[in-house]
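Q: Below are the structure tokens for one structure; questions will follow.
Residue numbers (the numbering used here): 219 to 653.
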């Protein structure tokens, strides 16, 4: 019999101690509240799917990163690598139970067997939000506006980079390279990681030097919104529905936010996954752009049709906040929220009065004061040891009850100021709720 198993965690996977998990939950609650304020509703899907579901449309490098295996019933299964493909399966399966346009959000873990780096792990959490069942540019705009609102509500300074996959495909058709579009898109998507010289080298091998130069000219267009849109429209063969879509989105944002250039048009943004077909976007922290996009997405026309015999199109557009990369960035910037789960603790002076201590805590909780009851006194009955415990848990206040906890005056100790004050229950509620 084994008498010892070394406690260890797989590379790219992590445990989360209470302080870290409190911060994660705090951020996800704020993000979720923003989603709900726009009328988006939550769903959930299984962590594991039949492999054929996930392999249908991920494409390229992503399929190589899927955790795929045979289960005990010899079924070919895999862990989900994102939340969008399972959502497409979900939509096809529950199509008759949903009302369209359907606005959903889903916050959950996904798994990819990729190389780990700062803010990138093999098990990570995505915060997805999508509108499915509308091909209106108003849907694309609402997703972009929701990206902006969710991240601004977290106190972040961001820039949203927007492009249109359809316009890039028109450009590739114009130069006779549409048959190589999948590999060209994946190569361009790696531009920020591998640099322009390596990108050009790969493109030359795919398309020839002349076309590689044209592609780099297209994705490198710079200037104001109007200058860039005019240039890439010209390079793609002239005005089109796709270029008009970008113009419309820009005007919608100006109308909604009262500002010019609220997002950046960036022809190098293509998104590597095969299922994107229209507008695509990536979001960067202005204070830490090198960490990469913290919120990405785009339009995927009729992805759900892959899982349905009914081939009537169900257009979708959505985005995803990478929670782990966001947390890594906030930590680097020193902007993580406080890890406080409780405002105050009730000291245990006498184990026989545990029932009264809990009754006191219930009164405080009923008035909106999160409150923990310490369960036993220190062995030497020194209160300072319970003060230290409260500080370690991030609490500012401890309540020291008297002989009759529910009727006597209480002692409120401010651990920050190192001060004791004789107070009533009502005064404790007022003091703690002001903090």
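In this text, a Cβ means the ideal position worked out from N, Cα and C, and glycines have one as well.
Are there 16 or more other CB atoms within 10 angstroms of the CB of residue 276, so buried, or fewer, so exposed?
A: Reliability fails at residue 276, whose pLDDT of 49 lies under 50, so the model's placement of it is uncertain and the value that follows must be treated cautiously. Classification of residue 276: buried, given that the 10 Å Cβ count is 16 or more.
Q: Would residue 470 and residue 347 qualify as a contact pair, given that the criterion is a beta-carbon distance under 8 angstroms?
A: no
Q: Measuring only the C-alpha atoms, how far is residue 281 from residue 257?
A: 33 angstroms
Q: Just curious, the beta strand (DSSP E) that residue 321 is in, first and last residue?
A: 320-329
Q: Between the C-alpha atoms of residue 601 and residue 636, what's the straight-line distance to the nearest angstrom?
A: 13 angstroms
Q: Please confirm whether residue 560 has its beta-carbon closer than 8 angstroms to some beta-carbon of chain C.
A: The chain labelled as chain C is not found in the depicted structure, where only one protein chain is given.
Q: Excluding the 5 residues flanking residue 390 on each side, which residues of the same chain have their C-beta closer than 6 angstroms to its C-beta?
A: Within the same chain, residue 390 has close Cβ partners 396, 399.
Q: Residue ranges of each alpha helix (DSSP H) run of no fewer than 4 residues wholly in the region 312-400, ordered along the chain?
A: 355-370, 383-392
Q: Quick check on the DSSP output: the beta strand (DSSP E) that includes residue 518 runs from which residue to which?
A: 513-519
Q: Excluding sequence positions up to five away, which residues of its chain have a Cβ less than 8 angstroms from the Cβ of residue 301?
A: 263, 324, 326, 328, 344, 346, 538
Q: Based on Cα-Cα distance, which residue from 270, 481, 332, 314 lies nearest to residue 376?
A: That would be 481, whose Cα lies nearest to the Cα of residue 376.
Q: What is the C-beta distance between residue 379 and residue 497, in whole angstroms, given that I count them as a contact (C-beta under 8 angstroms)?
A: In this structure, residue 379 and residue 497 do not form a Cβ contact; the two beta carbons are roughly 11 angstroms apart against a cut-off of 8 angstroms.
Q: Beta-carbon separation of residue 501 and residue 511 under 8 angstroms?
A: Between residue 501 and residue 511, the C-beta gap is smaller than 8 angstroms, which places the two residues in contact.
Q: Using a threshold of 8 angstroms, state whether the C-beta atoms of residue 483 and residue 464 are closer than that.
A: yes
Q: Taking the straight line between their C-alpha atoms, what separation do you get for residue 445 and residue 240?
A: Cα-Cα distance, rounded: 46 angstroms.
Q: Jot down the residue ranges of each uninterrupted alpha helix (DSSP H) in the region 568-630, minimum 4 residues, whole runs only, in chain order.
A: 572-584, 601-610
Q: Terminal residues of the continuous alpha helix (DSSP H) containing residue 248?
A: Where residue 248 is concerned, the enclosing alpha helix (DSSP H) starts and stops at 236-255.
Q: Are the region 567-576 and the region 543-556 touching by the rule of at least three beta carbon pairs closer than 8 angstroms?
A: no
Q: So which of 355, 535, 434 has the shortest CA-CA distance to residue 467?
A: 355
Q: With DSSP as the reference, identify every bridge partner of residue 500, one or two as the case may be.
A: For residue 500, which the question treats as bridged, DSSP gives the partners 379, 514.
Q: If we count the other Cβ atoms within 10 Å of its Cβ and call it buried at 16 or more, is residue 428 buried or exposed?
A: exposed
Q: Identify the residues that DSSP records as bridge partners of residue 483: which are they?
A: Bridge partners of residue 483: 380.
Q: Quickly, what does DSSP pair residue 658 with across the bridge? List them, please.
A: In the structure displayed, the chain extends from 219 to 653; residue 658 sits before or after that span and is not available.
Q: Checking 8 angstroms against the spacing of the C-beta atoms, do residue 266 and residue 296 come in under that value?
A: Going by C-beta atoms, residue 266 is nearer than 8 angstroms to residue 296.
Q: Buried or exposed, going by whether 16 or more other CB atoms sit within 10 Å of the CB of residue 703?
A: Residue 703 lies beyond the range of the chain shown here (219 to 653); nothing can be said about it.
Q: Taking the alpha carbon of residue 556 as the reference point, which residue from 331, 520, 611 has its own alpha carbon closest?
A: 611
Q: I'd like to check one pair, residue 349 with residue 361: are the Cβ atoms closer than 8 angstroms?
A: In contact: residue 361 and residue 349 (Cβ atoms closer than 8 angstroms).
Q: Would you identify the three-state DSSP class for residue 523, choosing helix, strand or coil?
A: In the structure shown, residue 523 sits in a helix (DSSP, three-state: H, G or I).
Q: Can you tell me the Cα-Cα spacing of residue 629 and residue 298, whole angstroms?
A: 53 angstroms
Q: Using a Cβ-Cβ cutoff of less than 6 angstroms, which residues in the same chain neighbour residue 609 once the five nearest sequence positions on both sides are dropped?
A: 633
Q: Short check: CB of residue 638 to CB of residue 586, under 8 angstroms?
A: Not in contact: residue 638 and residue 586 (Cβ atoms no closer than 8 angstroms).
Q: Hey, quick one: how far does the alpha helix (DSSP H) through residue 419 stretch, first residue to last?
A: 409-425
Q: Can you look up residue 295 in the DSSP assignment and give me helix, strand or coil?
A: Strand at residue 295.
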